[in-house]
Each structure stands twice: as C-alpha cells, then as structure tokens.
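Structure first, then comments.
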Amino acid sequence: MKKKITLAITGHRDIVETEELRQEVFEYLEQTIQKYLDDEITLLSPLADGADRFVAKIFLELQKKHEHLDLVVPMPFTQERYVLDFDEVSKKEFLELLELASGSFQIPSMGDKPYQELGKYIVNVSDVLLALWDGTYNGKAGGTGDVVEYSRGRVELVHFMCERQG
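With this note's numbering as the guide, the letters of the sequence shown map in order to residues 1362 to 1527.
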C-alpha cells in the first residue's frame, strides 16, 4: 500500500546559496526518495524568496527522474495578494515555479498573522520539516526560528545550517 510522505520547507529569504548547501539538500532528498521509492512524496513550499525556492528547484530537478514527486504551494494569501510581497524579478520567478507545481492553495486563515499561520500549517500537515536556518531566533512571528520552535515535538526536523546574506 502506497504511503504519502509530506516534506515541508522553512528557511531564510536571504540564504547564501552555496554548492555545499545545495549538495546537502540534494543528498537528503535523494536518500528520502530512495527510502520511499514506492510511495508518493510531496514537498510543501510557499515559494518565497531564498530557502523555499532553493529547495523547490532541487526537488523539481529530482522530479524529472522520479515520477512520484509533487511540489505543492501553500500560500498565506490569495495568489494575487501574495505576489505583492515580491519585486518584479521575484514575482516572475515565483510564477514560473508555480507553473511547475502540481497544485497551490491558500491556507485557511485563523488570525492576523498570515505568515505565522502558514508556518504552523505546514508543520501540522507534514511528516518532515526541512529548515535552512542559521540557528538564531529573531523573535519574528512566522520567521524561520519561530517555525522551527513550533515544530519541535510535532514533526521530524532536519536542520541544514546556512549563512545569511544580511
């Protein structure tokens, strides 16, 4: 019987994209794919700048060899509202990646902190949370540290240490 494995991504928007980080993420995803070769694997990525897109691009690359992979894009707002958070270059890349996704949807809203709600949502529906994170908490509701803290004890956490541009 096929299982459904759901991975989710959280991470900084300003990560330093190194070949070493790319290789670490690629190897983790490849190992996960091999482990669940007969199962359906979904990556939830909101496709924000930085970590979300970095991991989504690697996942889409692997999808070319493995048919049982689906990229799904949960959003904190409607697509029309969400793209207002991106500059023109970023918006173009977001829309290109969204075209390659298996699906997208706006998460159910329950309050006035949509990014925090998005972080909690992806943790609550996932089996594994991939965190591209520098390990520091900035106290920002819905920030990477906040999502990582919320995930503890709820879901398997795989931490990829990364540097930030800022």
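Yeah, the Cβ is synthetic: ideal placement off N, Cα and C, and Gly gets one too.
| Item | Value |
| --- | --- |
| Buried or exposed: which applies to HIS1373, given that a residue is buried once 16 or more other Cβ atoms fall within 10 Å of its Cβ? | buried |
| Quick check: the segment 1429–1446 against the segment 1505–1520, are there 3 or more CB pairs under 8 Å? | no |
| Drop a sphere of 10 angstroms on the beta-carbon of LEU1456, count the other beta-carbons inside from all chains shown, and report buried for 16 or more, exposed for fewer. | exposed |
| With DSSP collapsed to three states, give me the class of ALA1409. | coil |
| Below 8 Å between beta carbons: does that hold for ASP1488 and THR1371? | no |
| Where does ASP1413 land, buried or exposed, given buried means 16+ other C-beta within 10 angstroms? | buried |
| Considering only the alpha carbon of each residue, which of GLU1449, LYS1474, LEU1398 and ASP1473 lies closest to LYS1363? | LEU1398 |
| Determine whether the beta carbon atoms of ILE1468 and GLU1478 lie at a separation below 8 Å. | yes |
| With DSSP as the reference, please indicate the residues paired to SER1487 in a beta bridge. | SER1487 is not bridged to any residue. |
| Taking 8 Å as the threshold, find out whether the segment 1419–1434 comes into contact with the segment 1384–1400 through three or more Cβ pairs. | yes |
| Got a sec? Which residues, its chain only, sit under 8 Å from SER1465 by beta carbon, not counting five neighbours each side? | VAL1433, VAL1434, PRO1435, MET1436, GLN1440 and LEU1459 |
| What are the uninterrupted segments assigned as beta strand (DSSP E) that are 3 or more residues long and contained completely in the segment 1425–1485, given in chain order? | 1430–1436 and 1464–1467 |
| Would ALA1502 and VAL1519 be called neighbours here (beta carbons separated by less than 8 Å)? | no |
| Based on the DSSP output, what are the partners of VAL1519 in its beta bridges? | LEU1491 |
| Let me know if LYS1481 comes out buried or exposed under the rule of 16 or more other beta-carbons within 10 Å of its beta-carbon. | buried |
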